[in-house]
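Residue numbers (my numbering): 38 to 117.
Here it is in structure tokens:
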């Protein structure tokens, strides 16, 4: 028999995505203190790597936020 009920409801998927976004934002906050520590120890290569990672995480968080905003609104409006 085919089950039509998905394992995760769509609302739960949006909640999971918001949790992932919050985790990314928390990581960005942690990275700020890491950069300060790296700067204090003059580890320039590590600072450059950290900045690249920070930019990557910021992009991912922004893309996920835009995705959730767009599709959650369409889901709430009932647009297919």
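Every residue gets a Cβ at the ideal spot worked out from N, C-alpha and C, and that includes glycine.
Considering residue i, what are the terminal residues of the alpha helix (DSSP H) in which it resides?
i: residue 80; result: Counting along the chain, residue 80 falls outside any alpha helix (DSSP H), and DSSP gives it neither H nor E.
Does the separation of the CB atoms of residue i and residue j fall below 8 Å?
i: residue 71; j: residue 87; result: yes
i: residue 65; j: residue 94; result: yes
i: residue 106; j: residue 61; result: no
i: residue 101; j: residue 58; result: yes
What whole-angstrom Cβ distance do residue i and residue j have, given they're in contact under 8 Å?
i: residue 51; j: residue 111; result: Between residue 111 and residue 51 the Cβ distance is about 11 Å, and since that is not below 8 Å, they are no contact.
Should residue i go down as buried or exposed, given a rule of 16 or more other Cβ atoms within 10 Å for buried?
i: residue 75; result: buried
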